[in-house]
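The structure under discussion appears below in the form of structure tokens.
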Amino acid sequence: MTEKKIHRPMWDGAVGIIAQIMLQGLPLDQTLKSVYKKNPKWGSKDRRLIGQMVFDCVRYWRKYLAMSGHPWSDDTVWTKEHVTPVLTAWAQEHDYLEKVAGPALAFNDQESFPDWMAGETSPEVLTALNEEAPIFLRANTLQNSASTIGRILQDKGIAVEVMGDAIKVLDRAAFKKAANEKLFPAGLFEVQDLGSQQIAPMLQAKANDRVLDACAGNGGKTLHLAQLMKNQGQITATDISELKLYQLEARCRDARFSIVRTRPAPIKDLIFDAVLLDVPCSGLGVIRRHPERKWQCTPAIIRDLVQVQKDLLESYKSTVRPGGALLYATCTFVSAENQLQVKAFLERNPAWSLEEEKSFLSGPRGWDCFYAARLRHQVLPS
């Protein structure tokens, strides 16, 4: 038996958190934050251990169930009785408990994906989606070059790698410490996955264009568009969340972008040169950061999302001028939300054509999974 120990309060805390995530469907990151807030006596070491236990058990839920002798079915309804065996298997694997020999695991058990989801992409992508997500920054090149920002970070003791306008953080702990201490000028850079940074350029928006970001959220891609347009022209950003639009306005001020205007969704009375439609999706491309989505997403949820995406495409196509472009984007690898959705749209709308389509899949580059297709509104002969 190993000398490493998990104290009972830590164990019970992890069981409770995992149960909330896996049985009640709560988001992992928000659940952890809430529990940390309720337990101010937990030190940084305790929080790191709890965080590791929770992330590992949620990420590898299927593997630890297999290790504890529970056969897998995508249709199983999980109960609290499943949580302790999972955590026990985790403790054995991490030398907190005596290891118990078990059979070699099949790929879907070992990498821990539902069978239906594993059929949507390659084993290499699935394996990459279990790795810790690296931190990428997008330099605000209207203020400083990426190399200059890289030197600023290095001067603060943070190891980085400059990759074009992107910066990869090599020292996570030093970066997070500096960020928490607010050591960086506001608007100097944006934390944005490298895959996400590939989306806005695909719209090919130019200075002085009229652009709509139709599902702007907190505005990471809105800001990128403003930068690509050299802060010249007009961007209308809309979302169903007024709070997110308020936060976007603050981020624009920090980045010194003056061309962005926000408006509550939907927008149907304006015409634009280019529209970015970053639709609500399953979010399975970012499960490195949100591993609970593996288990909370189902084929039925995908079907509902496909209908929402279809409705948004049909609604916002009328906001694109003839000759203009619409960029349809997701953060998932599911074909029904990506290629098949675009194919169906083109079949319904002969006045539109596909110009460019790209899938950005997790792998050696270290980015999350994204998909984007640029559609052109054809100018029909009079």
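Going by this note's numbering, the final residue of the sequence shown carries number 397, and the count climbs one at a time with no gaps.
Virtual Cβ for every residue (Gly too), placed ideally from N, Cα, C.
Beta-bridge pairing of residue i - partner residues as DSSP gives them
i, result
"residue 183", "151, 176"
"residue 228", "252, 291"
"residue 279", "254"
"residue 385", "375"
"residue 109", "According to DSSP, residue 109 bridges with nothing at all."
"residue 47", "For residue 47, which the question treats as bridged, DSSP gives no partner whatsoever."
"residue 303", "Per DSSP, none; premise fails for residue 303."
"residue 391", "340, 368"
"residue 206", "152"
"residue 345", "386"
"residue 335", "287"
Environment of residue i [buried if 16+ CB atoms lie within 10 Å]
i, result
"residue 394", "exposed"
"residue 119", "exposed"
"residue 169", "exposed"
"residue 261", "exposed"
"residue 201", "exposed"
"residue 1", "Nothing can be reported for residue 1, as the shown portion of the chain is limited to 16 through 397."
"residue 122", "exposed"
"residue 18", "The predicted model places residue 18 with a pLDDT of 46, which falls under 50 and marks its position as unreliable, so this point remains unresolved."
"residue 352", "buried"
"residue 276", "exposed"
"residue 377", "buried"
"residue 206", "exposed"
"residue 257", "exposed"
"residue 94", "exposed"
"residue 104", "buried"
"residue 303", "buried"
"residue 210", "buried"
"residue 340", "buried"
"residue 71", "buried"
"residue 164", "buried"
"residue 323", "exposed"
"residue 315", "exposed"
"residue 74", "buried"
"residue 242", "buried"
"residue 297", "buried"
"residue 24", "exposed"
"residue 16", "Note that residue 16 scores a pLDDT of 39, beneath 50, so its modelled location is shaky; the value from the coordinates is reported in the next line. Exposed, since its Cβ has fewer than 16 Cβ neighbours within 10 Å."
Short Cβ contact (9 Å threshold) for residue i with residue j
i, j, result
"residue 224", "residue 248", "yes"
"residue 47", "residue 305", "no"
"residue 383", "residue 180", "no"
"residue 271", "residue 152", "no"
"residue 68", "residue 107", "no"
"residue 281", "residue 253", "yes"
"residue 293", "residue 336", "no"
"residue 348", "residue 136", "yes"
"residue 259", "residue 232", "yes"
"residue 222", "residue 245", "yes"
"residue 366", "residue 213", "no"
"residue 128", "residue 187", "no"
"residue 295", "residue 327", "yes"
"residue 174", "residue 193", "no"
From the options, residue whose alpha carbon lies closest to that of residue i
i, options, result
"residue 198", "371, 311, 167", "167"
"residue 329", "203, 229, 149, 48", "229"
"residue 109", "123, 64, 129, 121", "64"
"residue 154", "92, 235, 84", "235"
"residue 286", "327, 174, 227, 267", "227"
"residue 273", "188, 279, 282, 240", "240"
"residue 60", "80, 386, 22", "22"
"residue 132", "350, 333, 191", "350"
"residue 38", "192, 78, 308", "308"
"residue 172", "71, 55, 184", "184"
"residue 373", "390, 381, 125, 85", "390"
"residue 36", "311, 242, 138, 385", "311"
"residue 125", "159, 148, 86", "86"
"residue 380", "301, 149, 66, 74", "149"
"residue 20", "138, 321, 111", "111"
"residue 290", "237, 165, 163", "237"
"residue 375", "392, 354, 364", "354"
"residue 203", "140, 139, 160", "160"
"residue 356", "267, 320, 333", "320"
"residue 27", "162, 45, 41, 102", "102"
"residue 89", "279, 54, 130", "130"
"residue 332", "193, 79, 368, 189", "368"
Heavy atom of the ligand SAM within 8 Å of residue i beta-carbon
i, result
"residue 25", "As presented, the structure is devoid of all ligands, the ligand SAM included, so that no description of it is given."
Contact with chain C by residue i, beta-carbon distance below 9 Å
i, result
"residue 211", "In summary, chain C is missing from the structure at hand, where a single protein chain is found."
With three or more C-beta pairs closer than 8 Å as the rule, is the stretch 133-146 touching the stretch 352-368?
Contact between the stretch 352-368 and the stretch 133-146 is absent: fewer than three C-beta pairs spanning the two stretches fall below 8 Å.
Does the stretch 92-99 come into contact with the stretch 31-41, if we say contact requires no fewer than three beta-carbon pairs (one atom in each stretch) closer than 8 Å?
Contact holds: three or more Cβ-Cβ distances are below 8 Å.
Between the stretch 214-223 and the stretch 327-344, can you find at least three pairs of beta-carbon atoms closer than 8 Å?
The stretch 327-344 makes contact with the stretch 214-223, as at least three CB pairs between them are under 8 Å.
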